[in-house]
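Numbering (our numbering), first residue to last: 198 to 358. In what follows, a single structure is set out as structure tokens and then discussed.
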């Protein structure tokens, strides 16, 4: 992930103290963060989800890509140095290699989540209680898609081609 930083030389640096909140769940900022140094904790509600310290790691991507408020709170555990793209969408459009990297990362996360849900479905299949609903939840997640999603690019075609 460190190689991501090679594409970020034009992105401003922020240094934050331990305890600082970088992203707040439920709020919208449009910002995309890339860690240079330090460690952050990701929380959903009151539940810690992950500790992230690898240089080049990004957060804020879900909110930026889905144009929704942040899905988690990100707090500095140690002093952190981050690159902050104020307009995450514009940053990814300027750096398609970052967008591709992010697409692969999100596909890996989706694959892991789907694999986990399939395992749960197999474990609890046939249960008459709420555990038997795992299959329904999995089906809903797999088939859920926004109606207004249009695959492709917003870029104008290259007249040379």
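Positions of the beta carbon are idealized from the N, C-alpha and C atoms, including for glycine.
Contact under 9 Å by Cβ, residue 220 with residue 262: Counting from one through the chain shown, the residue named residue 220 turns up at place 23. Counting from one through the chain shown, the residue named residue 262 turns up at place 65. No.
The stretch 304-323 in contact with the stretch 265-280 per 3-pair CB rule at 8 Å: no
Start-to-end residues for the beta strand (DSSP E) that takes in residue 229: Walking along the chain shown from the start, residue 229 turns up at place 32. First-last of the beta strand (DSSP E) with residue 229: 229-234.
Spatially closest choice to residue 252 from 280, 225, 245 and 259, by CA coordinates: Here the question's residue 252 lines up with position 55 in the chain shown. Nearest of 280, 225, 245 and 259 to residue 252, Cα basis: 280.
Alpha-carbon spacing of residue 208 relative to residue 333, whole angstroms: Here residue 208 refers to the residue found at position 11 when the chain shown is read from its first residue. Here residue 333 refers to the residue found at position 136 when the chain shown is read from its first residue. Answer to the nearest angstrom: the Cα atoms are 43 Å apart.
Buried or exposed (CB count within 10 angstroms, at least 16 for buried), residue 255: For this step, residue 255 is matched to residue 58 along the chain shown. Buried, by the Cβ-count rule.
Three-state secondary structure assigned by DSSP to residue 240: The residue you call residue 240 lines up with position 43 of the chain shown. The answer is strand: DSSP assigns residue 240 an E or B state.
Nearest candidate by alpha-carbon position, reference residue 214, set 237, 297, 206 and 249: For this step, residue 214 is matched to residue 17 along the chain shown. Selected option, being the one with the closest Cα: 237.
Beta-carbon proximity of residue 234 to residue 277, cut-off 9 Å: The residue given as residue 234 occupies position 37 in the chain shown. The residue given as residue 277 occupies position 80 in the chain shown. A contact, by the Cβ cut-off of 9 Å.
Classification of residue 260 by the beta-carbon crowding that lies within 10 angstroms, buried from 16 upward: The count along the chain shown starts at 1 and reaches residue 260 at position 63. Per the 10 Å Cβ criterion, buried.
Spatial distance of residue 247 from residue 316 (CA atoms): Indexing the chain shown from 1 puts residue 247 at position 50. Indexing the chain shown from 1 puts residue 316 at position 119. Their Cα atoms are separated by approximately 22 Å.
Proximity of residue 282 and residue 229 at Cβ, strictly below 9 Å: On the chain shown, position 85 is the one that residue 282 refers to. On the chain shown, position 32 is the one that residue 229 refers to. Contact: yes.
Residues near residue 295 by beta carbon distance below 6 Å, same chain, minus five either side: Within the chain shown, residue 295 is the residue found at index 98, counting from 1. Cβ within range, chain order: 204 and 289.
Sequence ranges, alpha helix (DSSP H) only - wholly within the stretch 268-331, length at least 4: 285-291 and 293-321
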